[in-house]
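J.:
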Amino acid sequence: MRRRLSQLWLLALLSATSISILIVMLMLNQQIQQEYQSMALWSEELGNYARRQQAPPATLLQALTNQGYRVQLVRSDNDKVRVWVGNSQSLNLQTARQVLQSGNPEQGYRRIDGDLYLYRTSAVLPDAVVVIYRPMMDLYTGLVTMGISVLVVCIALLLVLFAVFRRLVQPLTQRLHRADLQHSMGWQHMSGIALQLTESHYILDASPRFKELYGAIDGKRFEAYLHQACEQRVQQCLQRALSQQQVIQFDCQLVNDHGEHKVWSLNARPVKHAGRRYLLLNGDDISQRSHSERKLLIEQQRLTTYFNAMQTLLVICDPAGVVLRINDQIRHLLELPDEQVLGRPLFSLLPRSHAERMRQQWQQMVAGEPPNEDLEYPIIAANGKSFLISWRITRVEGDNPNDDDFLLAGVDITVRTAQQQALTDANEKIREALQEAEAANRSKTIFLANMSHEIRTPMNGVLGAAELLQESTLDAEQAGYLDIITKSSHSLISIINDILDLSKIESGNLEIEFNDFNLHDLIQDLYQLFSDSARRKELALTSVYQAELPACWRGDMQRIRQVLTNLISNAIKFTETGQIHIEVSAAVLSETRYQVKMSVTDTGIGIAEDKLEHVFSAFRQADSSTSRRYGGTGLGLTISRRLAVAMQGDILVESKPGEGSKFCLSIPLTVGDARNVVAPSEPRKAQALRFKGQVLLAEDNPVNQKITLKILEKLGFDAEVAENGDIAINALRQRHFDLVLMDINMPVVDGIEATERIRDLGAPRSLVPILALTANAMMEDQERCLAAGMNGFVAKPIKPDRLADAIAKVAPSLRVDE
């Protein structure tokens, strides 16, 4: 555009110059014609003088000279041409001769002495010619001045036009220039698109980029390229740009002929030209950015979903503690609108008693101190209810410390704390109950021990006296009465032992031993033991031990014997006719482990199906009449099953009333080593062992003193009695004793304390063997005795053979071989 304007101005200048030259030429031509006329007039004036045969006056010639004319009046005389009068001598007379000959005037240009002259030659007489010359330079000087004046005037006019053009046309020119620049530089090279639309949204023009992407635009509206989802919104934006006459920015999706769409960010700029309104659209492709923003939005929505779906209470605060965001969980807990939570300090949600403490901790945390692992602070809901929250605070660093966020993750521990408090209270009550139960159990244990002691102490006297009487001479009636006393005493002792066993099991103090033993021999011993009882009731007693089974096993032989003894005893007791069958079988569990089943089958009274489990309940039998008819406490099977369970087994029962019962002890056993089996020693009678030595008997009961002294005398001992532990200690200090028999429950100093004090006396008195003689048959009592320093334990009532075996074990040097 600027180039065109430059050409226009050059053309205007050339035109002005041409016009000036043309004017000068026209004026020159007019001047020449006027000069010709002046020359003709001057020639006529000079001709008048020639006709009158008068020479022109000098004044006339001088006037011609002043006006720049050169004049000669030429006459012909006899074919000779000569100057008659004139003001110049250098004129060419050739032209004069020609005019004299032709008689016609001549005018034109002629160069004389290198200068150009305008001349006129005219005949005034047949023999006289006037020749007039005038230098062209005289004419040029005025014409040049006039031409310059005209040129100046034209240039002035052009300058005036230029000023008017600059003021009126240049802004439009500049706009056109900018538009041309934008069109040439923007539309041709812009990365985005540009369009010109009518008010009806028809496309008038488009950038090459748009045409490249979306094809021809002839007769199409902008809506033809819009995605259907955004068409209505874009139309509203375009209409608003026209109505409000302001630039409107919007995003839209444009679809090409192949169905591919891109997202564009466009600016709609309204323009007005020649009374018509247009829209200029330009923008850039933001498809990638839109895709990234859409993914970011989806990710933000997902995070928001996670944020709100978490059961944890989540709060985001700025460094000042102002709440920026909360999740749905705490929103439901508080029951407050967001405007009452967001933008307010977190501390406002806390009771006053806790807000200041949290504010101080918050300031320390913002200052750089690491937050505590867990902070417990209550918050108050809209209904005034307080919730105890366990907070964990995480600092999320920003570009600078002022941009840091603080994430508070909280767990409502109100219920848990209440439950813990309730649990603590309950545990305290349980502890108190346990303490009471332990106290009751200790009381029970003490009671049982005391009862055992109180019962066994007189029973010791009864049985001891009975055994001593058996060694004397008695008639048949006396022997019968003595047998009744002995059996009744043993029955009472059996009941006491059952009660003590049940107490051990219930208190958890029952211990199971694992030793190698011969089960086959055990079954044979039991068979021999109950043979007489079965024969007296005319019952057939049989036993079967499967031949393929190992004989040696590892387990608690005494407990197995106790259970089988109870089962066989019951079978004999409740069977009037028929047989008792003992059988041992097993199922393989592994290479060396079996599930051993020891069953006792009888043909007795049987048990109803709904009463089968009752027989294993303490102090209960299948029928109350059974106890009245057959006797017993109902503890045998209870103890037996609990012993079986303690050995990781059970007792199974099958029974039908009137047909009999089958009780089966089923326990897992491991195959034992026959080399480790210790054969049971043969029972010895009191007279089988003899001893010699001094024995100190610490016993407070006079009856037991007499019985025990008599047994010791029969065993060969010299014995001395001490009524309590203190007397026994003093006796040991005064003289030497080979053995001490120590009762546990004695006045002043009991047997435990006395033993401990004896062990502190120093050698050799502290080395004396001490054997406990007590009615306390509980396992705890045995452990207490051994822990105090005693060497052995003999439970009352005392049998001579058991006492002899115990003495032989703890003091073998006192034994005398016969």
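If you read the sequence shown in our numbering, its first letter stands for residue 27, the second for the next number, and so on. For every residue, glycine included, the Cβ atom is placed at its ideal position computed from N, Cα and C.
What runs of the beta strand (DSSP E), each 3 residues or longer, lie entirely inside the segment 295–350?
T.: 302–311, 339–343
J.: Between the alpha carbons of Leu765 and Gly818, how many angstroms are there, rounded?
T.: If I take the Cα positions, the gap works out to 11 Å.
J.: With respect to the beta strand (DSSP E) encompassing Arg385, which residues constitute its N-terminal and C-terminal limits?
T.: In the DSSP assignment, Arg385 falls outside any beta strand (DSSP E) and lies within the alpha helix (DSSP H) extending over 378–392.
J.: Could you tell me if Leu185 is buried or exposed, where buried requires 16 or more neighbouring beta carbons within 10 angstroms of its beta carbon?
T.: exposed
J.: DSSP three-state call for Val836: helix, strand or coil?
T.: helix
J.: Report the CB separation of Leu280 from Tyr240 in whole angstroms; it is logged as a contact under 8 Å.
T.: A Cβ-Cβ separation of about 7 Å places Leu280 in contact with Tyr240 under the 8 Å criterion.
J.: Run the CB neighbour count on Asn353, radius 10 Å, all protein chains shown included, and call it buried at 16 or more, exposed below.
T.: buried
J.: In whole angstroms, give me the CA-to-CA distance for Leu142 and Arg96.
T.: 13 Å
J.: Let me check you understand the geometry: is the CB of Ser44 closer than 6 Å to at least one non-hydrogen atom of the ligand MG?
T.: The model depicted lacks the ligand MG and carries no ligand whatsoever.
J.: Alpha carbon to alpha carbon, how far is Ala76 from Ser46? Give it in angstroms, no decimals.
T.: 44 Å
J.: Quick check: the segment 582–593 against the segment 685–700, are there 3 or more CB pairs under 8 Å?
T.: Taking 8 Å as the limit for Cβ pairs, the verdict is that the segment 685–700 does touch the segment 582–593.
J.: Flag this pair as touching only if the segment 401–410 and the segment 340–360 have three or more C-beta atom pairs under 8 Å; answer yes or no.
T.: Touching, yes, given that three or more Cβ pairs across the two stretches are closer than 8 Å.
J.: Which residues does DSSP list as the beta-bridge partners of Leu414?
T.: Pro404
J.: Is Asn308 near Ala220, with beta carbons less than 7 Å apart?
T.: yes
J.: When you compare each of Asp139, Ser379, Arg351, Leu434 to Met391 by their alpha carbons, which one comes out closest?
T.: Leu434
J.: Measure the CB-CB distance between Val111 and Ala149 and report whether it falls below 7 Å.
T.: no
J.: Given a cut-off of 7 Å, decide if Asp628 and Thr601 are closer than it, judged by their beta-carbon atoms.
T.: yes
J.: Could you name the residues of the same chain whose beta carbon sits closer than 7 Å to that of Tyr656, not counting the 5 residues immediately before and after it, in chain order?
T.: Bear in mind that a pLDDT of 48 at Tyr656, under 50, signals an unreliable position, so the number given afterwards is only what the model happens to contain. If we look at Tyr656 and ignore the five residues flanking it on each side, its Cβ neighbours are Lys599, Phe600.
J.: Based on Cα-Cα distance, which residue from Gln445, Leu715, Phe276, Ala672 lies nearest to Leu264?
T.: Phe276
J.: May I ask you to list the residues that DSSP assigns as paired with Ser291?
T.: Asp277, Asp310
J.: Rounded to a whole number of angstroms, what is the C-alpha to C-alpha distance between Ala670 and Arg785?
T.: 40 Å
J.: From Gly369 to Val348, what does the alpha carbon distance come to, in whole angstroms?
T.: 6 Å
J.: Can at least three beta-carbon pairs, one atom from the segment 771–781 and one from the segment 729–736, be found at a separation below 8 Å?
T.: no
J.: State the Cα-Cα distance for the pair Arg710 and Gln554, rounded to the nearest angstrom.
T.: Because Arg710 carries a pLDDT of 45, less than 50, the predicted location of this residue cannot be relied on, and the following value inherits that uncertainty. So the two alpha carbons sit approximately 18 Å from each other.
J.: To the nearest angstrom, how far is the alpha carbon of Val289 from that of Arg328?
T.: 23 Å
J.: Please report the Cβ distance between Ile633 and Pro683, rounded to the nearest whole angstrom; I am assuming they are in contact, meaning their Cβ atoms lie under 8 Å.
T.: 7 Å
J.: Whole angstroms are fine: how far does the CA of Gly742 sit from the CA of Ala718?
T.: Per the sequence shown, the amino acid found at residue 718 is Lys instead of Ala. So the alpha carbons of these two residues sit roughly 5 Å apart.
J.: Just list the residues that DSSP pairs Asp431 with in beta bridges.
T.: Beta-bridge pairing links Asp431 to Val422.
J.: Assuming Thr338 and Gln326 are in contact, meaning their beta carbons sit under 8 Å apart, how far apart are those beta carbons, in whole angstroms?
T.: Between Gln326 and Thr338 the Cβ distance is about 19 Å, and since that is not below 8 Å, they are no contact.
J.: DSSP three-state call for Tyr135: helix, strand or coil?
T.: strand
J.: Can you tell which of Val109, Phe413, Trp579 has the C-alpha that lies nearest to the C-alpha of Thr618?
T.: Trp579
J.: If you reduce the DSSP assignment to three classes, tell me which class Leu230 lands in.
T.: In the three-state scheme derived from DSSP, where H, G and I count as helix and E and B as strand, Leu230 is classed as strand.
J.: Quick one: what's got a C-beta closer than 8 Å to Thr43's C-beta in the same chain, skipping five residues either side?
T.: Leu177, Cys180
J.: Hey, how far is the Cα of Met768 from the Cα of Lys688?
T.: 46 Å
J.: Using a Cβ-Cβ cut-off of 7 Å (strictly less than) and excluding sequence neighbours within five positions of Ala465, which residues of its own chain qualify?
T.: none
J.: Any idea what DSSP makes of Leu572, helix, strand or coil?
T.: Looking at the sequence provided, one finds Gln at residue 572 rather than Leu. Here Gln572 sits in coil by DSSP.
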